[in-house]
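Read through the structure below, which is laid out as structure tokens, and then see the notes.
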Amino acid sequence: MTPPAKKSAVDRRAEELDTIAAVLPVERRDELAELLTDQDVETLRHLVNQGMGDNTLRALTSDLAYLEAWGMAATGKSLPWPAPEALLLKFVAHHLWDPQRRETDPDHGMPADVDENLRHQGFLKSIGPHAPATVRRRLANWSTLTKWRGLDGTFASPSVKSAIRLAVRAVPRTRRRKSAKAVTGDVLAKLLSTCATDSLRDLRDRAILMVAFASGGRRRSEIAGLRVEQLTVEPPIEVPDGSPLPSLAIRLGRTKTTSGEQDDIVYLTGRPVDALKAWMTAAKIESGSVFRGIGRWGTVSRRAIDPQSINAIIKQRAVMAGLDSGEFSAHGLRSGYLTEAANQGIPLPEAMEQSRHRSVQQASSYYNNAMRRSGRASRIL
1 MTPPAKKSAV DRRAEELDTI AAVLPVERRD ELAELLTDQD VETLRHLVNQ GMGDNTLRAL
61 TSDLAYLEAW GMAATGKSLP WPAPEALLLK FVAHHLWDPQ RRETDPDHGM PADVDENLRH
121 QGFLKSIGPH APATVRRRLA NWSTLTKWRG LDGTFASPSV KSAIRLAVRA VPRTRRRKSA
181 KAVTGDVLAK LLSTCATDSL RDLRDRAILM VAFASGGRRR SEIAGLRVEQ LTVEPPIEVP
241 DGSPLPSLAI RLGRTKTTSG EQDDIVYLTG RPVDALKAWM TAAKIESGSV FRGIGRWGTV
301 SRRAIDPQSI NAIIKQRAVM AGLDSGEFSA HGLRSGYLTE AANQGIPLPE AMEQSRHRSV
361 QQASSYYNNA MRRSGRASRI L
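Here it is, written out as structure tokens:
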């Protein structure tokens, strides 16, 4: 009897990443298996077992993959743990630089070969220096991963802090919204008009759009990770001179702003409930993930749809509706919900009960812009 072939380190890491994916959806599994080290994967498994939030784990995994790719491209070897201060300064210099100086000094900023390497692997897409917030986040996650390995780093050293501060000052950037335009009620109607058939794809996308918007503008990770077990049928809502409206409760569990121990619940009423039931009935979904991928021949996957696919669906539907896809993203549903609430005169505290914003300042930034545009103050003349 021939003994089974010994698995390579890459194959073993790919299988281990699959076990992580049961809790944490991991994109590009095969690429990550080649890129990450055994200790990287073990660190991620440890974080999963510690019950860290899915969004945080996704960010850590994404940033760890980028850091390993950058380290290999910039130094020719995997990241050392802990990273020396010189490497941290190199990271800052490669990512925060002055485009004007680059025109006269080609060695300023990220070297061309490093840029080409990362771009070829799909880690770099935009042109120019990184956003300071992105650099800070990656350094923070680098520091977190270092601590989880039981090591001390030099992330808080004066030279690193000073390098970031000076680089940011030299290259001022205007903060952009995550979605250029809010998906308000009129925009949502146009997107929904492209989901008019009874095909599985139209039923699913219609349910995604309606549920994400009506439940308070849920984040794409929350919609992608929604499970049947989170749904509870509520008594119908009585309305004057009309048929009772179906009602559904969604238990959010762990979100970006909660620990999972808080009993955060949002409600769906009426059309969004009907749209969700139509999709689940057609796709024969009785347990597990609510929103799933659909194969070329109409086969519904057992696995949850990826959060990035929510973004792709919105952009695709925007194109089909004759809109500029570059102006809309999944976050537009969240800002759009609060903007629409303001347009309809719904008090901000009531809207926040559904959106589950913890920051009044953040929520009011969307809400107040709509009120200011249509209010008396802007029409003083």
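Heads up, the sequence shown is in the UniProt record's numbering, so the first residue is 1 and it goes up one at a time. C-beta atoms are modelled at their ideal positions from N, C-alpha and C, and glycine is treated no differently. What you are looking at is a predicted structure, and each value in this text was computed from that prediction instead of being measured.
For residue j and residue i, believed in contact at Cβ under 8 Å, the rounded distance
i            : j              : result
serine 247   : isoleucine 237 : 5 Å
arginine 204 : arginine 334   : Not a contact, Cβ separation roughly 20 Å.
Nearest-angstrom Cα separation, counted from residue j out to residue i
i              : j             : result
alanine 275    : threonine 197 : 12 Å
leucine 36     : arginine 271  : 45 Å
alanine 312    : aspartate 306 : 10 Å
threonine 134  : alanine 112   : 20 Å
aspartate 324  : glutamate 42  : 43 Å
leucine 96     : alanine 189   : 41 Å
valine 273     : alanine 212   : 11 Å
glutamate 350  : leucine 338   : 10 Å
serine 329     : lysine 77     : 36 Å
arginine 58    : glutamate 103 : 36 Å
alanine 83     : glutamate 286 : 48 Å
proline 240    : glutamine 344 : 20 Å
arginine 119   : lysine 125    : 6 Å
alanine 140    : valine 187    : 37 Å
isoleucine 346 : proline 158   : 48 Å
alanine 163    : aspartate 98  : 13 Å
glycine 319    : arginine 296  : Going by the sequence as given, residue 319 is valine instead of glycine. Going from the Cα of valine 319 to the Cα of arginine 296 covers about 21 Å.
Same chain, Cβ closer than 7 Å to residue i, five either side skipped, listed in chain order
i             : result
alanine 74    : Lys90, His94 and Val114
glutamine 121 : Ala69
valine 266    : Ser215, Gly216, Ile250, Leu252, Gln354 and Arg356
arginine 206  : Leu192, Cys195 and Ala275
arginine 227  : Gly288, Ser289 and Val290
methionine 72 : Ser78
aspartate 107 : none
Of the residues the options, the one placed nearest residue i, counting alpha carbons only
i              : options                           : result
leucine 87     : Leu67, Gln100 and Arg101          : Leu67
serine 193     : Val41, Gly242, Ile314 and Gly71   : Ile314
cysteine 195   : Arg136, Ile305, Gln121 and Ala278 : Ala278
tryptophan 142 : Lys190, Ala65, Ala342 and Gly109  : Ala65
lysine 147     : Arg137, Trp81 and His108          : Trp81
aspartate 152  : Glu85, Asp98, Asp202 and Val135   : Glu85
glycine 298    : Asp202, Pro129, Gln308 and Arg317 : Asp202
glutamate 234  : Leu245, Arg227, Ala224 and Ser159 : Leu245
serine 289     : Asp40, Ala342 and Gln230          : Gln230
glycine 109    : Leu118, Val92, Lys125 and Glu116  : Val92
threonine 281  : Gln308, Val300 and Phe123         : Val300
alanine 224    : Arg292, Ala83 and Ile127          : Arg292
leucine 268    : Val160, Ile208, Gly295 and Gly150 : Ile208
histidine 331  : Asp264, Met352 and Gln308         : Gln308
8 Å Cβ shell around residue i - same chain, five flanking residues per side excluded
i         : result
alanine 9 : Asp38
Neighbourhood of residue i by C-beta, 6 Å cutoff - its chain only, sequence neighbours within 5 removed
i           : result
glycine 336 : Ala182, Val183 and Thr184
proline 132 : Val168
alanine 321 : Lys190, Leu191 and Thr194
residue 390 : As shown, the chain starts at 1 and ends at 381. That puts residue 390 outside it, with no answer to give.
Residue burial classification, residue i (beta-carbon count within 10 angstroms, cutoff 16)
i              : result
threonine 144  : buried
residue 382    : Summary: the structure shown does not reach residue 382, with the chain confined to residues 1 through 381, and so no result is reported for it.
aspartate 63   : buried
residue 451    : For residue 451 there is no data in the structure shown, the boundaries of the chain being 1 and 381.
threonine 61   : buried
proline 129    : buried
alanine 283    : buried
isoleucine 127 : exposed
arginine 138   : buried
arginine 303   : exposed
arginine 101   : exposed
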